[in-house]
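Trainee: I have a structure here, written as structure tokens, and I will follow up with some questions on it.
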């Protein structure tokens, strides 16, 4: 990959420049990207050879579902202990939040289906911290790794709390024969950290109203956590007390009500943070009071609803003591003299202190189609506001000094979501018949993972494959199932060595024997490789990046007697013929043969164990090349000549 220019700091170090950033591990909801660098020294370099950053920090659509749940459900078509299950996520594990633990639906069976969740998975449901390479990393509200920046009580990242206000109060029930219920408090759209505690025999329940005017009711009949208008509600019911918690922000207007259930009085204490959604906004200058000869014009202030982006009655802004209405600004205008011919001076029809009539619109209706193009409409009327702030409809010609707002507009003109099949994985076997897998995602018009695709048109994710190589090993009793594509690993069936996220030696298959008869040799390549978890690709590394003993790259082989030879075989070849072609590396092995002389005659020295290559049958010392396929035993040392040396 292309390398970025080395920084001054890197130039003085033993590291190569950082490589370019990889693709993001997620398309939405917050993922991770990585960059690699190479150590240019034969010695170990200080620091890490990989760094991470967050990416795709945009909210996923609601229909996309939970990322951890997607990873669990991906195992639904893979048998566990011979049986298929529908897997549900187990979240907020305090011991290992970055392992993929799932529970079989309808059972108590909880299984760790993978040691690591995919990069970008949230460590905990109520936190931005994310799992990267199996470790939980701190993420601030600014979506930066390692950041300690937090949201204020208003939900503003690194805010000062000025965009909301604390609402605290108490309600006491007043029993009436004609009244079965009453309103405790109205909690508006966008409020956060709502908490209510009822003490007494009565019962709380909820009424909601969305911005589109849709109303609903929730009885809060049982203890539990549930969704109300996409807001998570936690409700606890006790014999003489009820507790209601909503973290928010609310996606609708909530009205908390009380239903009278007993003769005794009840009290409700409540507290929440309410957003300041109505603010004064200064207008442009009104038209000049005269067309020539000098006039003047003023600005005014209008109350603006931040959530609906429209002007509303002033009384909404007066509700907040923090809101101070700005004073009007005055300036002169049209100072050119009037024409001398008639000396006529036109006076504008509206007093400059009286706001001009304006167009006012209702909210847009819901789009007629969720994708592929639809229409939505609204009504637009001309209204006038008097000095007392009362608004009334007037004739449309009074608003014609500005263009009328459109009443119909296109909406959701983007393409509908469609299935996108990624590349097939390698076959799960190296010979004969096996399986291969691929990831199939529902992608929206922005190229982001979403929901809404028809299950009837989903391409299949698994199919049989055939590797045109004869199998010489006995077939497994059970078919080999591949792991999911994002956990796939290159498997060495002979060595049992798999590429992992830690650098390791990976041997390739042995070559054919160098001779067609008699004793020959075989060769193979041994590489230092690492599995890149983001791209699920294998990268070659320098040999010194891998730790531990390197597997042998050549060994002896025997393919039988050569035709026409007399039956004059060495004892080893005779044994091979009679013993089902026993391999040569089973006849020779390393053994310890005593120790060297002590390095010192007194005062303490060391002796080193002598290692030789022996024929196991004849016990004769053989050439060391015949033992290359066996692992050489470790060096052994022992103390000797421990008596103190005589004084000189």
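Numbering (UniProt numbering), first residue to last: 1 to 648.
Here a beta-carbon is modelled for each residue, glycine too, at the ideal position from N, C-alpha and C.
As the structure is a prediction and not an experimental result, all values here were calculated from the model.
Residue 397 by DSSP, collapsed to three states: which one?
Mentor: Three-state result, residue 397: helix.
Trainee: Between the C-alpha atoms of residue 133 and residue 598, what's the straight-line distance to the nearest angstrom?
Mentor: Cα to Cα, residue 133 sits roughly 50 Å from residue 598.
Trainee: Between residue 311 and residue 302, is the Cβ-Cβ spacing less than 8 Å?
Mentor: The answer is yes: Cβ separation under 8 Å.
Trainee: Within 10 Å of its beta-carbon, does residue 121 have 16 or more other beta-carbons around it, so buried, or fewer, so exposed?
Mentor: The residue is buried, with at least 16 neighbouring Cβ atoms inside 10 Å.
Trainee: Please classify residue 238 as buried or exposed, where buried requires at least 16 neighbouring CB atoms within 10 angstroms.
Mentor: It counts as exposed.
Trainee: Just to confirm the assignment, what range does the alpha helix (DSSP H) spanning residue 72 have?
Mentor: Here the alpha helix (DSSP H) through residue 72 covers 67-73.
Trainee: Exposed or buried, which one is residue 275 when buried takes at least 16 other CB atoms within 10 Å?
Mentor: Buried.
Trainee: Below 8 Å, how does it come out for the region 194-205 and the region 259-267: are there three or more Cβ pairs, yes or no?
Mentor: Verdict: yes, contact present.
Trainee: Within 10 Å of its beta-carbon, does residue 76 have 16 or more other beta-carbons around it, so buried, or fewer, so exposed?
Mentor: The residue is exposed, with fewer than 16 neighbouring Cβ atoms inside 10 Å.
Trainee: How would you call residue 428, buried or exposed, if buried means at least 16 neighbouring beta carbons within 10 angstroms?
Mentor: Per the 10 Å Cβ criterion, buried.
Trainee: Please report the residue range of the alpha helix (DSSP H) in which residue 315 lies.
Mentor: Segment 315-318, the alpha helix (DSSP H) holding residue 315.
Trainee: Taking just the CA atoms, how far does residue 380 sit from residue 186?
Mentor: Straight-line Cα distance between these residues: approximately 30 Å.
Trainee: Start and end of the beta strand (DSSP E) containing residue 507?
Mentor: Start and end: 504-507.
Trainee: Please list the terminal residues of the continuous beta strand (DSSP E) segment that includes residue 380.
Mentor: Here the beta strand (DSSP E) through residue 380 covers 380-385.
Trainee: Can at least three beta-carbon pairs, one atom from the region 452-468 and one from the region 433-442, be found at a separation below 8 Å?
Mentor: Verdict: yes, contact present.
Trainee: Count the other C-beta atoms from every protein chain shown that fall within 10 angstroms of the C-beta of residue 146, then say buried if there are 16 or more, exposed otherwise.
Mentor: Counting Cβ neighbours within 10 Å, residue 146 comes out exposed, since fewer than 16 surround it.
Trainee: Please confirm if the region 87-95 is in contact with the region 62-73, defined as three or more CB-CB distances below 8 Å between the two stretches.
Mentor: Flag = yes, the region 87-95 and the region 62-73 touch.
Trainee: Identify the residues that DSSP records as bridge partners of residue 218: which are they?
Mentor: Answer is 206.
Trainee: Below 8 Å, can you find three or more Cβ-Cβ pairs linking the region 227-237 to the region 163-183?
Mentor: They do not touch, by the three-pair rule.
Trainee: Which runs of the beta strand (DSSP E) at least 3 residues long sit entirely within the region 248-293? Give them in chain order.
Mentor: Here the runs fully enclosed are 253-259, 267-275 and 278-282.
Trainee: Would you say residue 112 lies against chain E (beta-carbon separation less than 8 Å)?
Mentor: Included in the structure is just one protein chain, with no chain E present.
Trainee: Kindly give me the distance between the Cβ atoms of residue 405 and residue 369, rounded to whole angstroms, as I take these residues to be in contact under 8 Å.
Mentor: No, residue 405 and residue 369 are not in contact; Cβ-Cβ is about 22 Å, not under 8 Å.
Trainee: Of all the options 319, 285 and 309, which has the alpha carbon lying nearest to the alpha carbon of residue 332?
Mentor: Of the candidates 319, 285 and 309, the one whose C-alpha sits nearest the C-alpha of residue 332 is 285.
Trainee: Return the residue from the list 293, 358 and 309 that minimises the CA-CA distance to residue 654.
Mentor: Nothing about residue 654 can be read from this structure; the chain reaches only from 1 to 648.
Trainee: Assuming contact is defined by CB atoms lying nearer than 8 Å, are residue 65 and residue 451 in contact in what I supplied?
Mentor: Yes, the Cβ-Cβ distance between residue 65 and residue 451 is below 8 Å.
Trainee: Let's see if you can read the secondary structure: which residues bound the beta strand (DSSP E) around residue 246?
Mentor: Looking at the DSSP string, the run of the beta strand (DSSP E) that includes residue 246 is 241-246.
Trainee: Given that a residue counts as buried once 16 or more other Cβ atoms are within 10 Å of its Cβ, and exposed if not, what is residue 389?
Mentor: Flag for residue 389 reads exposed.
Trainee: Please report the residue range of the beta strand (DSSP E) in which residue 50 lies.
Mentor: Per DSSP, residue 50 belongs to the beta strand (DSSP E) from 50-55.
Trainee: Under a Cβ-count criterion, where at least 16 other Cβ atoms within 10 Å of its own Cβ denotes burial, should residue 650 be classed as buried or exposed?
Mentor: Given that the chain is displayed from residue 1 to residue 648, the structure contains no residue 650 and the question cannot be resolved.
Trainee: Using the rule of at least 16 other Cβ atoms within 10 Å of the residue's Cβ for burial, across every protein chain shown, is residue 644 buried or exposed?
Mentor: That one is exposed.
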